[in-house]
Amino acid sequence: MTDYKNILSDTVRDIKPSGIRRFFDIAQNVKGVISLGVGEPDFHTPWDIRAAAITALEKGKTVYTANAGLSELREEIASYTERKTGVKYSPDNETVVTVGGSEAIDITIRALVNPGDEVLIHEPCFVCYAPLVRLAGGVPVTITTYARDKFKLLPEQLLKNITPKTKLLILAYPNNPTGAIMTSEDLNGIAGVLKDTGIAVLSDEIYAELTYGKKHVSIASADGMKERVVMVNGFSKAFAMTGWRLGYVHAPAPIAEQILKIHQYAVMCSPTVSQYAAIAALRNCDCEVRAMVSEYNRRRRFVVSRFNEMGLRCFEPEGAFYVFPSVESTGMTSEQFCEKLIMEQKVAAVPGTAFGDCGEGFIRVSYAYSMKHLQDALERIEYVIKDTE
Amino acid sequence: MNNELLKLLKKNARYSDEELGAMLGIPASEIAGQIKKLEDDGIIRGYTTVVDGDKLDDDAVCAIIELKVKTKSGLGFNGIVNMIMQFDEVESVALMAGDYDLAVTVRGAKAVAFLVSQRLSTIDDVLSTATHFVLKKYKENGVILNTDENDERGFVSP
Ligand SMILES: Cc1ncc(COP(=O)(O)O)c(C=O)c1O
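In order, the protein sequence lines correspond to chains A and B. Per the numbering used here, the first sequence runs over residues 1 to 389. Per the numbering used here, the second sequence runs over residues 1001 to 1158.
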């Protein structure tokens, strides 16, 4: 009999499956579940974008593009980035169009990390960073962020975790799952620590459009940082385009050149039709994006206020589309609470522990759902809370 | 701010003051006052219910009647409008630009027949009527009726 242990890579086998998977399986086996667990917009992709894709198909735009992406799209991306963050990138040699932010994260890590290099990751955070670091032979070093600090990464925490082996910091704000953001003051603190080191930054800014009140600031705009920051962004969240699989990375030319090399060998180029659609997104959809952001904002305020009413302490998220309330007051662990929620009230939420051990005591609730859906789901959560009192 | 409040109420007039306050980021206690003012100022004229007629046994038909009007008698344009509006079965009356002058939505076959044959045809000022029966409503008052759209997103994703 074939021993697949010997066939498979040890590195891959040692990677734990995502903690979200388990809840997905439970949710699928309970009838009539309503979910608060999804990490993608509930809106349809704006019509202009879909129309551009249809036109591209009708015109037969079905062949590979340049490896780095359509030059027309790269120009739009570079001007959009400058408009939004004030940071200038060349569309020719500092911009690569990728298969979602996901690929951008993967190839950036592979381009920067040598075996044994330490990579700093603040937690709770999105699930892909540590496994991808491991695949590149790096060593993930996690830094816990706390509700009392509004889940921000503090300069002194960063400083404490730097060793001679530290190669890269992964910075992910607005944050999934906490909804935390970093202001320019916060980022200046981080930049101050990194200034005299050789550490690079992978800045995952996929939720940059989704902030409420304060505008998103990129660490690339902090003094002296651009030359060592790789900025990752994409169309999934901002333009409700998760299924189109399109993102991009901006980096100084010597880094972008290497990233492009991996991209070229791994995927050749990003989906062509999606690239044509993305041009329309950047040119015509400011208005639609603003409308989605205001709708998210109304829901955000509603959900936060409901959790506070129920007595679940809930820090006020200022970005993305998640709230991250504490369930400590119920005396249950995150997993216990989520299991009770799904078994008794058929509501699926994601335990905080799916985003790192320090997510214990929290649950992630997405508000990428209609108000009616949220009203219903929150009422059910309230039953569970009252029931445990 | 009132615009935002109106937008929400137009979507769902049954949001509680607490819910409206939370969504708009203002104290719930201020919501009642703001709504009262909108009512007093005549900006909010009423609250209604969007009903999916297809789900009811009552299958009262709806018609849109186009009227061409030329005021000749002493009734005058407003007189005609006032006369038409007083019928309960008339759901809406609108002044139109284009091929005809008034669009009247009427509910119920009897009401349509009565209105056209007994009322409108007797008025000299009404030059012509064209009645169109509504076969199916897909969207009303901003609400999509009868969606068969499913959330395809699955239950949990990172
Ligand atoms: C923080 C973060 N980064 C990156 C991604 C990847 O998104 P995509 O590959 O669709 O661009 C996600 C998706 O959930 C995310 O939450």
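No residue lacks a Cβ here, since even glycine has one placed at the ideal position from N, Cα and C.
> Would you call the CB atoms of residue 259 of chain A and residue 77 of chain A closer than 7 Å?
Replying inline: Working through the first sequence from its first residue, we reach residue 259 of chain A at position 259. Working through the first sequence from its first residue, we reach residue 77 of chain A at position 77. In this structure, residue 77 of chain A does not lie closer than 7 Å to residue 259 of chain A by Cβ.
> Comparing the CB of residue 362 of chain A with every heavy atom of ligand 1, is any distance shorter than 6 Å?
Replying inline: Translated into positions along the first sequence, residue 362 of chain A becomes position 362. Result no, Cβ not under 6 Å from ligand 1.
> How do the segment 235-250 of chain A and the segment 260-280 of chain A stand: do at least 3 beta-carbon pairs fall below 8 Å, yes or no?
Replying inline: yes
> With C-beta atoms as the reference, is residue 212 of chain A less than 7 Å away from residue 316 of chain A?
Replying inline: Residue numbering aside, residue 212 of chain A sits at position 212 when the first sequence is read from its first letter. Residue numbering aside, residue 316 of chain A sits at position 316 when the first sequence is read from its first letter. Cβ distance not < 7 Å, so residue 212 of chain A and residue 316 of chain A don't count as in contact.
> Out of A/127, A/302, A/338, which has the shortest C-alpha to C-alpha gap to residue 17 of chain A?
Replying inline: Numbered from its first residue, the first sequence carries residue 17 of chain A at position 17. Closest by alpha carbon: A/127.
> In or out: residue 1134 of chain B buried (at least 16 other Cβ within 10 Å) or exposed?
Replying inline: For the purposes of this step, residue 1134 of chain B is taken as residue 134 along the second sequence, with counting starting at 1. With fewer than 16 other Cβ atoms within 10 Å, it is exposed.
>> Against chain B, with Cβ distances strictly below 7 Å, would residue 127 of chain A count as a contact?
In response: The residue given as residue 127 of chain A occupies position 127 in the first sequence. Yes, residue 127 of chain A lies at the interface with chain B (some Cβ there is under 7 Å from its Cβ).
> Is the Cβ of residue 40 of chain A closer than 7 Å to any Cβ of chain B?
Replying inline: Position 40 of the first sequence, counted from the first residue, corresponds to residue 40 of chain A. Residue 40 of chain A counts as touching chain B.
> Is it the case that the CB of residue 176 of chain A approaches a heavy atom of ligand 1 more closely than 6 Å?
Replying inline: For this step, residue 176 of chain A is matched to residue 176 along the first sequence. Yes, ligand 1 has a heavy atom inside 6 Å of this Cβ.
> Between the segment 19-45 of chain A and chain B, which residues of the former have a C-beta closer than 8 Å to a C-beta of the latter?
Replying inline: 20, 23, 24, 27, 28, 33, 35, 37, 38, 39, 40, 42
>> Applying the 10 Å Cβ sphere with the 16-neighbour rule, what's the burial state of residue 8 of chain A?
In response: Counting from one through the first sequence, the residue named residue 8 of chain A turns up at place 8. Exposed, by the Cβ-count rule.
>> If I follow the unbroken alpha helix (DSSP H) through residue 131 of chain A, where does it start and stop?
In response: Start at 1 with the first residue of the first sequence, and residue 131 of chain A comes out as number 131. Its alpha helix (DSSP H) spans residues 129-135.
> How about the segment 1098-1108 of chain B and the segment 1061-1079 of chain B: do they share at least three Cβ pairs that are nearer than 8 Å?
Replying inline: yes
>> If I measure Cβ to Cβ from residue 321 of chain A and keep anything under 7 Å in the same chain, skipping five residues before and after, which residues do I get?
In response: For the purposes of this step, residue 321 of chain A is taken as residue 321 along the first sequence, with counting starting at 1. Hits under 7 Å: 210, 296, 366, 367, 368.
> Which residues share a DSSP beta bridge with residue 140 of chain A?
Replying inline: Along the first sequence, read from residue 1 onward, the residue named residue 140 of chain A stands at position 140. Beta-bridge pairing links residue 140 of chain A to A/119.
> So which residues of chain A does residue 1158 of chain B contact, with C-beta pairs closer than 7 Å?
Replying inline: As a first step, residue 1158 of chain B must be located in the second sequence, where it is residue number 158. Ordered by position in chain A, the residues that pass the 7 Å Cβ test against residue 1158 of chain B are 18, 20, 39, 126, 127.
>> Short of 6 Å in beta carbon distance, which residues of its chain neighbour residue 1050 of chain B, apart from the five on each side in sequence? Order them along the chain.
In response: Locating residue 1050 of chain B in the second sequence gives position 50, where the first residue counts as 1. Within the same chain, residue 1050 of chain B has close Cβ partners 1140, 1141, 1143.
>> Against chain A, does residue 1155 of chain B count as a neighbour if the rule is that its beta carbon must be under 7 Å from one of theirs?
In response: In the second sequence, the residue the question calls residue 1155 of chain B occupies position 155. Closer than 7 Å to some Cβ of chain A, the Cβ of residue 1155 of chain B qualifies, so yes.
>> Using 7 Å as the threshold, is the C-beta distance between residue 41 of chain A and residue 208 of chain A below it?
In response: Walking along the first sequence from the start, residue 41 of chain A turns up at place 41. Walking along the first sequence from the start, residue 208 of chain A turns up at place 208. Result no, Cβ atoms of residue 41 of chain A and residue 208 of chain A do not sit closer than 7 Å.
> Who are residue 1068 of chain B's beta bridge partners in DSSP?
Replying inline: By 1-based counting over the second sequence, the position of residue 1068 of chain B is 68. Residue 1068 of chain B is bridged to B/1128.
>> Is it buried or exposed, residue 1 of chain A, if we count other Cβ atoms within 10 angstroms and call 16 or more buried?
In response: As a first step, residue 1 of chain A is located in the first sequence; it is residue number 1 there, counting from the start. Looking at its Cβ environment, which holds fewer than 16 other Cβ atoms inside 10 Å, residue 1 of chain A is exposed.
> Relative to ligand 1, what is the chain-ordered list of residues with a Cβ closer than 6 Å to any of its non-hydrogen atoms?
Replying inline: A/39, A/100, A/101, A/102, A/126, A/172, A/176, A/204, A/206, A/234, A/236, A/242, A/247, B/1158
>> Is it the case that the segment 130-140 of chain A contacts the segment 275-291 of chain A, given that we only count it when at least three CB pairs across the two stretches are under 8 Å?
In response: no
> Comparing the C-beta of residue 97 of chain A with each C-beta of chain B, is any distance below 7 Å?
Replying inline: Numbered from its first residue, the first sequence carries residue 97 of chain A at position 97. For residue 97 of chain A, the answer is no, since every Cβ of chain B falls outside 7 Å of its Cβ.
>> Please report the straight-line C-alpha distance between residue 167 of chain A and residue 102 of chain A, rounded to a whole angstrom.
In response: As a position in the first sequence, residue 167 of chain A is number 167, starting the count at 1. As a position in the first sequence, residue 102 of chain A is number 102, starting the count at 1. When rounded, the distance between both Cα atoms is 20 Å.
> Quick one: any contact between the segment 289-307 of chain A and the segment 151-165 of chain A, if contact means 3 or more CB pairs under 8 Å?
Replying inline: no
> Using a Cβ-Cβ distance under 7 Å, would residue 307 of chain A count as near chain B?
Replying inline: For the purposes of this step, residue 307 of chain A is taken as residue 307 along the first sequence, with counting starting at 1. Not an interface residue.
>> Taking CB distances under 7 Å as the criterion, tell me whether residue 1022 of chain B reaches chain A.
In response: Translated into positions along the second sequence, residue 1022 of chain B becomes position 22. Answer yes: the Cβ-Cβ gap between residue 1022 of chain B and chain A drops below 7 Å somewhere.
> At a Cβ cut of 8 Å, what residues of the segment 1022-1036 of chain B count as close to chain A, listed as they run along the chain?
Replying inline: 1022, 1023, 1024, 1025
> Is the Cβ of residue 321 of chain A closer than 7 Å to any Cβ of chain B?
Replying inline: Here residue 321 of chain A refers to the residue found at position 321 when the first sequence is read from its first residue. Not an interface residue.
> Quick one: Cα of residue 92 of chain A to Cα of residue 43 of chain A, how far?
Replying inline: In the first sequence, residue 92 of chain A corresponds to position 92, counting from 1. In the first sequence, residue 43 of chain A corresponds to position 43, counting from 1. So the two alpha carbons sit approximately 32 Å from each other.
> Who are the neighbours of residue 1019 of chain B on chain A, taking C-beta pairs under 7 Å?
Replying inline: Start at 1 with the first residue of the second sequence, and residue 1019 of chain B comes out as number 19. By Cβ distance, chain A contributes 302.
> Mind listing which residues of the segment 358-389 of chain A have their C-beta closer than 7 Å to chain B's C-betas, in chain order?
Replying inline: none
> Is residue 184 of chain A closer than 7 Å to residue 86 of chain A when the C-beta atoms are compared?
Replying inline: Start at 1 with the first residue of the first sequence, and residue 86 of chain A comes out as number 86. Start at 1 with the first residue of the first sequence, and residue 184 of chain A comes out as number 184. For residue 86 of chain A and residue 184 of chain A, no; Cβs fall outside 7 Å.
>> Can you pull the chain B neighbours of residue 350 of chain A, defined as C-beta to C-beta under 7 Å?
In response: Taking the first sequence and counting its residues from 1, the one referred to as residue 350 of chain A is at position 350. Those within 7 Å of residue 350 of chain A in chain B are 1156.
> By Cβ distance below 8 Å, which residues in the same chain neighbour residue 171 of chain A in space, the five residues on each side in sequence not counted?
Replying inline: Start at 1 with the first residue of the first sequence, and residue 171 of chain A comes out as number 171. Excluding positions up to five away in sequence, the list reads 122, 153, 182, 190, 201, 202, 203, 204, 219.
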